[in-house]
Structure formats: C-alpha cells, structure tokens
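With the working numbering, the residue at position 207 of the first sequence is 207, and numbering never jumps. Heads up: the structure comes next, in structure tokens.
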Amino acid sequence: MSFTLETTDSKSSARAGILHTPHGDIPTPIFMPVGTAGTVKAVHQRELREDIDAKIILGNTYHLYLRPGCDILRAAGGLHKFNGWERPMLTDSGGFQVFSLADNRKIKEEGCTFRSHIDGSKHLFTPENVMDIQRVIGADIIMAFDECCPGDADHRYAKQSMELTHRWLDRCLTRFNATEPLYGYDQMLFPIVQGCQYRDLRIESANYIAERTSTGCAIGGLAVGEPTEVMYQMIEVVNDILPKDKPRYLMGVGTPQNILEAIMRGVDMFDCVMPTRNGRNGLLFTMNGTINIKNKKWEDCFEPIDAESPAEADRVYTLAYLHHLIRAEEILGLQVCSIHNLTFYLRLVGEARRHIIEGDYCEWASKLIPQLGKRL
RNA sequence: GGGGGAGUCGCAUAGCGGCAAUUGCAACAGACUGUAAAUCUGUCCUCUUCGGAGUUCAUUGGUUCGAGUCCAAUCUCCCCCA
1 MSFTLETTDS
11 KSSARAGILH
21 TPHGDIPTPI
31 FMPVGTAGTV
41 KAVHQRELRE
51 DIDAKIILGN
61 TYHLYLRPGC
71 DILRAAGGLH
81 KFNGWERPML
91 TDSGGFQVFS
101 LADNRKIKEE
111 GCTFRSHIDG
121 SKHLFTPENV
131 MDIQRVIGAD
141 IIMAFDECCP
151 GDADHRYAKQ
161 SMELTHRWLD
171 RCLTRFNATE
181 PLYGYDQMLF
191 PIVQGCQYRD
201 LRIESANYIA
211 ERTSTGCAIG
221 GLAVGEPTEV
231 MYQMIEVVND
241 ILPKDKPRYL
251 MGVGTPQNIL
261 EAIMRGVDMF
271 DCVMPTRNGR
281 NGLLFTMNGT
291 INIKNKKWED
301 CFEPIDAESP
311 AEADRVYTLA
321 YLHHLIRAEE
331 ILGLQVCSIH
341 NLTFYLRLVG
351 EARRHIIEGD
361 YCEWASKLIP
371 QLGKRL
C-alpha cells in the first residue's frame with residue numbers, strides 16, 4: 001500500500017499521483033463522494049461506478065456505529081461486503097461530529113461523549129474505540145479521531161484543541177498498531193492536521209503529523225467558518241511541511257473553485273457533501289457556473305442537462321424536465337441532480353489531473369475558476 | 001316557494017369591537033463545504049429614501065372614538081324542506 005507521485009507541476013504545487021489500496025488504485029487528484037451511512041445518498045452503485053466513475057467513497061464511523069451498529073457490520077464481513085461496493089472506501093472517524101453535533105456532546109481528555117441524535121442514548125468515543133470501530137467497518141483508509149475546531153475559535157482554544165488532537169493521535173496510533181485488520185487486507189491510518197486559522201499552530205501541527213504518518217496526511221478544521229483566503233493560506237503553510245511523497249487529503253472541501261485552488265497548493269484528495277446535498281436541494285454545478293434548477297427560468301429550457309457528460313441521466317434528461325421533477329418533489333429529481341453533480345466533480349478532478357500531467361494546469365485552472373463561480 | 005349557513009391577501013383556513021389581518025399550500029428568491037439536511041431561511045395587497053405611507057376582509061349604507069368583526073339592504077354560493 002503506497003503512493004506513487006507521478007508529476008509535480010512546474011508553476012505550482014499541483015501534483016498527479018496514484019494511491020494504491022487493497023481495493024484498487026486511485027488516481028490523484030481525486031474527489032471522494034460522501035456516503036455517510038454506507039450509501040451515497042440518492043445514487044445507485046451502478047451509476048456511481050459506471051456514470052460517475054467514483055474511485056473511492058466515504059463512510060462515517062459515528063453514523064455507522066449508531067446504525068446498523070458494529071455487530072451487524074462485523075457479521076456482514078465489513079462495510080464492503082455489507083453494501084456491495086468493491087472499490088476503495090475511507091471512513092471519517094467521527095471527528096467532524098465533534099464539531100457538527102456540538103450541542104449533543106461533551107469533550108474530555110478520555111474522548112468525546114455523544115448524545116445520539118437518533119434515540120438520545122449516550123456513547124463515549126475514544127481514540128481507542130474509534131480505531132476498533134473502523135477496524136470493524138473495514139475501510140481501506142481510516143481517519144484518526146480528532147476535534148474539528150470551529151473556524152472562529154480563539155488562539156487559546158485552538159491551541160488546546162490541537163494539542164488534544166495530537167494526544168488523541170498518539171493513542172490512535174498505539175491502538176492501530178496493536179490491532180490487526182479483520183478482513184484479510186491492510187488498512188491505512190491518516191492523521192489529521194489541526195490548528196484552526198493560526199499559522200503558528202498549523203506549522204506545529206503539520207510537523208507533528210509529518211513525523212507520525214507512514215501513509216498519508218489529512219488537513220482538517222478548514223471550511224468551518226473562516227474566510228476562504230485564510231483557508232488557502234493555511235493549506236499553503238501546511239503543505240509546505242507535509243511529506244511530498246505522501247498524499248494530502250483536505251477534509252470536507254469544497255466548492256469546485258476551492259478544489260482547483262487547493263490542488264494548485266498541493267492537495268491530492270477531497271471529499272465534500274456539497275455535490276450531493278446541494279444537488280438534493282436543486283443546485284447544479286457546471287463548467288459555466290451554478291444552476292438553481294428550481295428557478296422559474298429553467299421551466300422551458302429543453303436542452304439536455306449536459307450533452308457531453310458520461311452520465312446517461314445528463315444526456316437523456318433536459319433542464320426543463322429536471323426543473324419539473326424537483327418542483328414536483330419526485331425522487332428521480334434528487335437522483336439526477338446528485339448524479340449530475342458527482343459526475344461533474346469527478347470530471348473536474350480528472351481534467352485537473354490531465355492538465356497537471358500535460359503541464360498547463362495553472363493556465364487551465366485560472367481561466368476556469370472565475371467561470372465556476374458564476375450563477376446561470 | 002319556505003328554512004338554515006357562508007362570502008377574508010392565488011387556493012384553503014384563523015379571526016367574535018383596537019388588524020395590513022393567523023396558519024398551511026402554492027408562488028418567487030436565497031443558503032448549504034470530513035451529512036441530525038429530499039433540509040433550512042426570507043419575501044409573498046400597493047408604493048417606499050426600509051423610518052414609514054397608502055388602500056383592504058362580496059357590495060352599499062348605518063351604529064361606534066374605533067368595524068373583517070355589530071345592524072340593514074343588495075348580490076353570489078352551499079345545505080335542508082316543499
């Protein structure tokens with residue numbers, strides 16, 4: 001299990017590579033569709049494989065632990081067997097839920113206690129049991145348990161939070177190294193850089209993580225309320241320190257523009273709920289900007305959603321029809337929007353990779369970024 | 001023909017003397033970044049320099065300081081009995 005760095009752009013930090021996993025190779029830069037509960041919402045696996053051509057999808061430790069639970073996942077033989085996805089998977093550790101479910105949790109040195117959003121029951125997540133749960137889920141790449149620090153945290157809080165995340169990382173590593181994979185293939189553990197929007201903390205954290213990874217590094221705690229420019233600066237600071245021969249995963253980001261900017265700064269892997277969630281809410285991403293398909297202006301636009309798309313839904317259905325589906329709250333509308341957006345995201349990173357290899361990434365990206373931000 | 005009931009901002013509703021007027025739907029926009037999200041927010045009589053201003057509750061007239069609310073007549077619709 002390793003990472004092959006193929007090309008580094010001469011005018012930026014952009015890279016093209018291949019991440020090797022037990023369930024297949026992943027070309028980078030890559031976007032990973034989010035499948036929190038063991039399913040990419042509203043998307044069948046056939047479409048995920050054949051139309052979208054997702055190389056790797058995510059699952060979530062917190063959500064899968066609560067439902068269906070470890071007993072079922074273990075009995076199924078892991079999440080790959082349970083949901084039938086034969087390509088690589090990555091699980092987030094529940095660190096994001098420390099942030100997003102802040103009203104239902106309490107952080108302690110030992111770990112984080114959650115009040116289940118499903119039935120109110122209490123659950124303690126520790127670095128140790130989060131490793132154990134991710135062994136049971138069996139994803140190819142698993143994440144360290146961290147605290148995703150809010151973007152507006154003050155320096156004092158951000159420092160304490162980062163130091164806690166570092167101590168938790170050491171415990172994750174100890175447990176991970178003391179346990180064996182359950183299903184006959186290796187798993188990779190990615191540690192996570194924190195430090196909020198503070199340069200000194202990001203530097204400290206990047207160094208800490210760089211010394212402790214053997215597989216890849218994640219950058220967390222970004223796109224959580226701080227200005228976009230600050231996020232870009234933090235990515236630069238961190239990627240200057242992280243090992244060049246290992247993949248860098250920017251967690252939870254982001255818009256198409258964010259992704260191109262981050263690739264330029266040396267990021268290799270992305271995930272985000274944006275294409276699926278915004279898709280279900282009627283927002284389509286295109287190379288020319290975004291479309292709010294709910295808007296009246298699309299009611300009589302009988303053009304295909306995207307005639308050039310590899311996804312059948314994009315070629316077969318028109319914008320007017322999709323407008324109708326979403327207006328009528330038909331389930332197919334959610335499916336088509338999700339398929340469209342994910343196909344777009346995967347094509348975007350695929351194009352990025354091609355331009356990195358061909359040597360004109362910066363020209364291509366700088367021209368495209370302003371287009372992507374437009375509203376159609 | 002007789003008796004009873006009802007007319008409120010696109011539709012459906014609330015309203016029982018101090019109201020530009022409740023709620024739902026529809027409509028028109030916006031938000032969404034390691035998913036408590038097929039969710040949430042705003043606007044929704046007219047004009048506005050966003051402070052307000054002006055017209056409203058079938059129609060007309062009346063009572064009252066004040067009427068969507070009370071009274072009378074008219075118009076329309078629904079139900080029951082002949």
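Glycine included, every Cβ here is placed at the ideal spot set by N, Cα and C.
Rounded to whole angstroms, how far is the Cβ of residue i from the Cβ of residue j, which I believe are closer than 8 Å?
i: residue 388; j: residue 288; result: Residue 388 falls outside the range modelled here, since the chain spans only 1 to 376, and no answer is possible.
i: residue 311; j: residue 290; result: Contact flag wrong, Cβ pair sits at about 18 Å.
i: residue 307; j: residue 340; result: Going by Cβ atoms, the distance from residue 307 to residue 340 rounds to 12 Å, so no, they are not a contact pair.
i: residue 91; j: residue 144; result: With 8 Å as the limit, residue 91 and residue 144 do not qualify as a contact, their Cβ atoms being about 11 Å apart.
i: residue 135; j: residue 181; result: 6 Å
i: residue 137; j: residue 215; result: The pair is not a contact, with the Cβ atoms about 17 Å apart (cut-off 8 Å).
i: residue 127; j: residue 74; result: Not confirmed; about 20 Å, so no contact.
i: residue 260; j: residue 212; result: Not a contact, Cβ separation roughly 30 Å.
i: residue 263; j: residue 29; result: 5 Å
i: residue 248; j: residue 266; result: 6 Å
i: residue 359; j: residue 100; result: In fact, because the Cβ distance is near 40 Å, the residues do not count as touching under 8 Å.
Around the C-beta of residue i, are 16 or more other C-beta atoms found within 10 angstroms, so that it is buried, or is it exposed?
i: residue 46; result: exposed
i: residue 55; result: buried
i: residue 197; result: buried
i: residue 4; result: exposed
i: residue 316; result: exposed
i: residue 239; result: buried
i: residue 246; result: buried
i: residue 331; result: exposed
i: residue 373; result: exposed
i: residue 366; result: exposed
i: residue 80; result: buried
i: residue 142; result: buried
i: residue 156; result: exposed
i: residue 371; result: exposed
i: residue 154; result: exposed
i: residue 271; result: buried
i: residue 93; result: buried
i: residue 258; result: buried
i: residue 195; result: buried
i: residue 24; result: exposed
Express the C-alpha separation of residue j and residue i in angstroms, rounding to a whole number.
i: residue 233; j: residue 167; result: 25 Å
i: residue 63; j: residue 36; result: 7 Å
i: residue 254; j: residue 223; result: 8 Å
i: residue 363; j: residue 352; result: 11 Å
i: residue 356; j: residue 15; result: 7 Å
i: residue 87; j: residue 132; result: 22 Å
i: residue 12; j: residue 204; result: 24 Å
i: residue 26; j: residue 206; result: 24 Å
i: residue 250; j: residue 121; result: 32 Å
i: residue 17; j: residue 350; result: 12 Å
i: residue 115; j: residue 123; result: 6 Å
i: residue 77; j: residue 183; result: 7 Å
i: residue 158; j: residue 185; result: 36 Å
i: residue 295; j: residue 323; result: 8 Å
i: residue 52; j: residue 348; result: 11 Å
i: residue 119; j: residue 110; result: 23 Å
i: residue 6; j: residue 48; result: 26 Å
i: residue 241; j: residue 268; result: 15 Å
i: residue 219; j: residue 102; result: 20 Å
i: residue 199; j: residue 237; result: 7 Å
i: residue 83; j: residue 59; result: 11 Å
i: residue 163; j: residue 171; result: 13 Å
Apart from the five residues just before and just after residue i, which ones in its own chain have a Cβ nearer than 6 Å to its Cβ?
i: residue 345; result: 31 and 275
i: residue 112; result: 98, 105 and 125
i: residue 96; result: 148
i: residue 161; result: 147 and 149
i: residue 209; result: 191, 193 and 217
i: residue 226; result: 151 and 197
i: residue 235; result: 262 and 265
Once the 5 residues before and after residue i are set aside, which same chain residues still bring their CB inside 7 Å of it?
i: residue 303; result: 318 and 319
i: residue 282; result: 292, 293, 294, 326 and 337
i: residue 402; result: One cannot answer for residue 402 here, as it falls past the ends of the chain, which runs 1 to 376.
Does the Cβ of residue i lie closer than 6 Å to at least one heavy atom of the ligand SAM?
i: residue 356; result: This structure does not include the ligand SAM; it has no bound ligands of any sort.
Identify, in the order they occur along the chain, each residue of the same chain with its Cβ nearer than 8 Å to the Cβ of residue i, setting aside the five sequence neighbours on each side.
i: residue 286; result: 306, 344 and 376
i: residue 338; result: 40, 41, 42, 43, 275, 276, 279 and 280
i: residue 21; result: 1, 56, 88, 140, 141 and 188
i: residue 445; result: In the structure displayed, the chain extends from 1 to 376; residue 445 sits before or after that span and is not available.
i: residue 243; result: 210, 213 and 217
With a floor of 3 residues, list each beta strand (DSSP E) that falls wholly inside the stretch 292-368, ordered by position along the chain. The stretch 292-368 contains no whole beta strand (DSSP E) run of 3 or more residues.
At which residue ranges does the stretch 1-28 contain complete beta strand (DSSP E) runs of 3 or more residues, listed in the order of the chain? The beta strand (DSSP E) runs lying completely inside the stretch 1-28 and spanning 3 residues or more are 3-8, 15-21 and 24-28, given in chain order.
Any chance you could list the alpha helix (DSSP H) runs of at least 4 consecutive residues sitting entirely within the stretch 92-156, in chain order? Counting whole runs of 4 or more residues, the stretch 92-156 contains the alpha helix (DSSP H) stretches 95-100 and 127-137.
Whole alpha helix (DSSP H) runs in the stretch 39-73 with 4 or more residues, listed along the chain? Here the runs fully enclosed are 45-50 and 61-66.
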